[in-house]
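Visitor: Numbering (the numbering used here), first residue to last: 322 to 476.
We put the CB at the ideal spot given by N, CA and C, even for glycine.
Quick caveat, the model's predicted, so the values are computed rather than measured.
(1) What did DSSP end up calling residue 337 once you bin it into helix, strand or coil?
(2) From which residue to which residue does the beta strand (DSSP E) around residue 437 run?
(3) Residues in its own chain within less than 7 Å of residue 471 by CB, not counting five upstream and five downstream?
(4) So for residue 389, helix, strand or coil by DSSP?
(5) Could you please give the first and the last residue of the uninterrupted beta strand (DSSP E) stretch that includes residue 399?
(6) Considering only the alpha carbon of each residue, which of 409, 415, 384, 461 lies closest to residue 401?
(7) Can you give me the start and stop residues for the beta strand (DSSP E) that residue 402 sits inside?
(8) Got a sec, what are the start and stop residues for the beta strand (DSSP E) residue 468 sits in?
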């Protein structure tokens with residue numbers, strides 16, 4: 322028995338299946354550690370007890386990180402807030418989005434004066450988040466912060 326499905330339909334469906342598989346391979350699997358050093362675990366729900374969305378720490382005024390936890394010449398990635406905080410010089414703190422401008426992966430570390438993305442090797446300068454190694458097309462967006470009493474908060 323012959324199937325009367327047009328060849329073009331079969332080819333289009335096959336191409337869509339291949340494209341879906343390729344995009345799945347570029348997903349952002351977070352297997353790195355959180356700022357506390359414990360393995361990051363996915364949250365079952367982002368809702369509070371009343372069913373309302375739970376406020377994020379930054380939205381409720383909680384600190385992102387303590388200044389003592391951000392090394393001079395380095396930085397700290399706060400994954401749950403998708404923010405990276407750096408200290409290029411002693412007492413100078415900067416914050417940037419932790420979402421890579423290449424394909425949206427989260428940066429995972431700050432080392433040797435750069436903010437590093439694990440997906441395709443993009444690197445950003447800790448002082449201004451300008452691209453120092455591609456394929457990222459543009460710098461990480463800056464985040465406004467306040468620094469007071471040894472704590473850093475989103476402004």
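Guide: Concretely, from the data shown:
(1) Numbered from 1 along the chain shown, position 16 holds the residue referred to as residue 337. Reliability fails at residue 337, whose pLDDT of 49 lies under 50, so the model's placement of it is uncertain and the value that follows must be treated cautiously. Here residue 337 sits in helix by DSSP.
(2) Locating residue 437 in the chain shown gives position 116, counting from the first residue. Looking at the DSSP string, the run of the beta strand (DSSP E) that includes residue 437 is 435-437.
(3) Here residue 471 is taken as the residue at index 150 of the chain shown, counted from 1. 387, 388, 389, listed in sequence order.
(4) Position 68 of the chain shown holds residue 389. Residue 389 falls in the helix class under three-state DSSP.
(5) For this step, residue 399 is matched to residue 78 along the chain shown. Its beta strand (DSSP E) spans residues 395-399.
(6) Here the question's residue 401 lines up with position 80 in the chain shown. Checking every option, the nearest Cα to that of residue 401 belongs to 384.
(7) Taking the first residue of the chain shown as position 1, residue 402 is located at position 81. Note, residue 402: premise wrong, no beta strand (DSSP E); not H, not E.
(8) Taking the first residue of the chain shown as 1, we reach residue 468 at position 147. First-last of the beta strand (DSSP E) with residue 468: 466-469.
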